[in-house]
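*Asks:* Can you keep this structure in mind? I'll have questions shortly.
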Amino acid sequence: MTLETRSFVEEARREKLAALRERGVVPFEYGFARTHTAVTALEDYTSSDQEVAVRVAGRVIALRAHGKTTFGHVSDHTGRVQFFLRRDEVGEEQYRLLKLLDLGDHLGLEGVMFRTKTGEITVRVKQLKLLAKALRPLPLGKEDSAGVQHSGLVDAETRYRERYADLAVHADTRATFRLRAQAISYLRRFLDSKGYVEVETPALQPLYGGALARPFVTYYNALEAEFYLRIATELYLKRCIVGGMDRVYEIGKDFRNEGIDREHNPEFTMLEFYEAYADYGDIMCLVEEMLHGLVVELMGTEKIERFGVTLDFRPPWPRLDYTDLVREHAGVDLRTAEDAVLRATLVNRDIPDLDSVPRTKLIDGLFKHFVEDTLVQPCFVVDYPIEVSPLAKPKRGDPALAERFELFIQGSELANAFSELNDPDEQRARFDAQTAAREAGDAEAHQIDEDYIKALEYGMPPTGGCGIGVDRLVMLLAESPSIRDVILFPMLRPET
RNA sequence: GACCGGGUAGCUCAGUCGGUAGAGCAACGGACUUUUAAUCCGUAGGCCCUGGGUUCGAGCCCCAGCCCGGUCACCA
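Going by this note's numbering, 186 is the number at position 189 of the first sequence; the sequence numbering is gapless.
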């Protein structure tokens, strides 16, 4: 029992609950043997001339009482179906039960399918069973004959905080999460079919790495040590490669101690995969094949319209040179320009402490502010400056660059990949540079991971690897403007 | 973290110049044996986010805070 006072609506339902119990009705049943879902009940009727007996169950989402007859709709995970009761068919006792029902209650209905005179295929109920009473009113709203939803649950905060209510009320919310599940299932099947092995690596790590970000810190009592929630799976997956698991992937949560906005949730789902004897060019082709296949399988087409733009997933996708893009859109040549020039280009871009920002961040800033928004159609940006890529191999023939690419669609970064650095001595030197950056005040700089270097010293084969932000991928597929719309229970400040 | 917008009945919203708080849906009572935003008659329902202040009087004006959303910053 909460201290929260109940609304009069809830009081009314409590009274009905008591009345039901008084009559010997079990208000929270133990099960109901269904023969049909809402949709199969409708389908079986249309495909048969014979009488179709059904047992369906669902939540009451509409109720229209007309004296001695009553219409309503129940909704299950497949859809909705109308039901109809006549007092002289179900009997006085059952019919009086209706008085004690509310929108939101779960019902089991036994009856036969028929078509009403207005044409709707409907369950003619012979027996009705309350399966679970709803003590709070669901914000169901109403749908008119044109299918337009009126009222209902609109408040964004409630939709996220009470996702159960959002899901219960909005079929399209349920559809988004079904789509998410289908997408993840496809990614698994694709990688499995390519001979990849799915693995699980630690989420609680003594050192964090594999990305540049601030971690969540926690304390493990039994070991009397600080631990970090992982910011990436990368370094553990590459340990697997060292160990001879030539193709591995993991789909799991990463945690980054950062702000929340339309594209960021502090815990999010990442797919990372690594393939021995592949380089970033091979990975690019694999990503292209995988995501093209994903769109075709889920959307049934190679071109999808999202946020008013038709996106064409037909391969090959353009490979655009990072340095060229920055030169083209920011007018700066990263090969020759001094820090001062980069800084000057970024003036008036609302960057705090611009004067003390290190070169790596200046480069990042130029790309973000001048280039990202221009990358609408699926495209790969290739060959990043080496100084912003501490885990990537230098580019063959140009040590100022790394063999790295990112995939962009509609200005959003969806994948990050490279030919993995497997020279342990060079990796140590890169870590040292990161340590210097950290000492200069860069809280996101990479930590030095001696154990990872040890692993590399045992010899890691040439390897291509990639990380894909699953939430952002689903946002694109579901045309969701906010990452919160594709995460069932997004982060919110706790209620006080 | 900064700026902008929002917070009023279970839900969606209105609220004039500062003068006793409104609608639709949902709820409750009644009528109604093929309705579908059912209809008709009636009834009830409010910590106007919280705390201060101004005022004879505050949902409304002022200050502070809380929560949400948006933009920006931070952030692969």
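Even for Gly, the Cβ is constructed at its ideal location relative to N, Cα and C.
Give me the DSSP bridge partner(s) of K250.
*Replies:* DSSP, once it has assigned bridges, lists T266 as partnering K250.
*Asks:* Which partner residues does H147 have in the DSSP bridge list?
*Replies:* Partner(s): K139.
*Asks:* With distances taken from CA atoms, which of H167, P487 and L128 is nearest G144?
*Replies:* The candidate whose alpha carbon is nearest that of G144 is H167.
*Asks:* Looking only at its chain, what residues have a beta carbon closer than 6 Å to the beta carbon of L322, apart from the 5 residues adjacent to it on each side?
*Replies:* Closer than 6 Å at the Cβ level, and outside the excluded window around L322, lie V368.
*Asks:* Find the nearest neighbour of K126 within the set R93, R175 and G116, judged by alpha-carbon distance.
*Replies:* Here the closest residue by C-alpha is R93.
*Asks:* Go ahead and label A434 buried or exposed: buried means 16 or more other beta carbons lie within 10 angstroms of its beta carbon, across all protein chains shown.
*Replies:* Buried, because 16 or more other Cβ atoms sit within 10 Å of the Cβ of A434.
*Asks:* Might you give, ordered along the chain, the residues of its own chain that have their beta carbon closer than 6 Å to the beta carbon of A229, omitting 5 neighbours on each side?
*Replies:* Cβ within range, chain order: G207, A208 and D251.
*Asks:* Which first and last residues belong to the alpha helix (DSSP H) in which D336 is found?
*Replies:* D336 to T342 is the extent of the alpha helix (DSSP H) around D336.
*Asks:* From A200 to L226, what does the alpha carbon distance come to, in whole angstroms?
*Replies:* If I take the Cα positions, the gap works out to 6 Å.
*Asks:* Comparing alpha-carbon positions, which option in L188, Y183, A210 and V51 lies nearest V122?
*Replies:* That would be V51, whose Cα lies nearest to the Cα of V122.
*Asks:* What span of residues does the beta strand (DSSP E) with Y225 cover, start to end?
*Replies:* Per DSSP, Y225 belongs to the beta strand (DSSP E) from A222 to L226.
*Asks:* Need the endpoints of the alpha helix (DSSP H) that Q424 sits in, please.
*Replies:* From DSSP, the alpha helix (DSSP H) with Q424 extends over P421 to E436.
*Asks:* If I'm right that D439 touches P355 with Cβ under 8 Å, what's the distance once you round it to whole angstroms?
*Replies:* D439 to P355, Cβ: 7 Å. Contact.
*Asks:* Kindly list the residues whose CB is nearer than 6 Å to the CB of F68, restricted to its own chain and excluding five residues on each side of it in sequence; keep chain order.
*Replies:* R61 and F81.
*Asks:* Assuming P459 and Y271 form a contact by the criterion Cβ under 8 Å, report the distance between their Cβ atoms to the nearest whole angstrom.
*Replies:* Actually they do not touch by this definition, with Cβ atoms about 11 Å apart.
*Asks:* Does the contact criterion of 3 or more C-beta pairs under 8 Å hold for the segment 72 to 92 versus the segment 23 to 36?
*Replies:* Enough Cβ pairs lie closer than 8 Å, so yes.
*Asks:* Indicate the three-state DSSP secondary structure (helix, strand or coil) for G278 in the structure shown.
*Replies:* Three-state DSSP puts G278 in a helix.
*Asks:* Check whether the Cβ of R11 sits closer than 7 Å to any heavy atom of the ligand MG, and report yes or no.
*Replies:* Of the ligands one can find in the structure shown there are none, so the ligand MG has no counterpart to examine.
*Asks:* Report the three-state DSSP secondary structure of V284 (helix, strand or coil).
*Replies:* Helix, per DSSP.
*Asks:* What first and last residue would you give for the alpha helix (DSSP H) that runs through L470?
*Replies:* Start and end: V467 to A475.
*Asks:* For V329, count neighbouring Cβ atoms within 10 angstroms of its own Cβ and tell me buried if that reaches 16, exposed if not.
*Replies:* Buried, because 16 or more other Cβ atoms sit within 10 Å of the Cβ of V329.
*Asks:* Taking only runs that begin and end inside the segment 39 to 108, name each unbroken beta strand (DSSP E) of 3 or more residues, in chain order.
*Replies:* Counting whole runs of 3 or more residues, the segment 39 to 108 contains the beta strand (DSSP E) stretches 50 to 63, 66 to 73 and 76 to 83.
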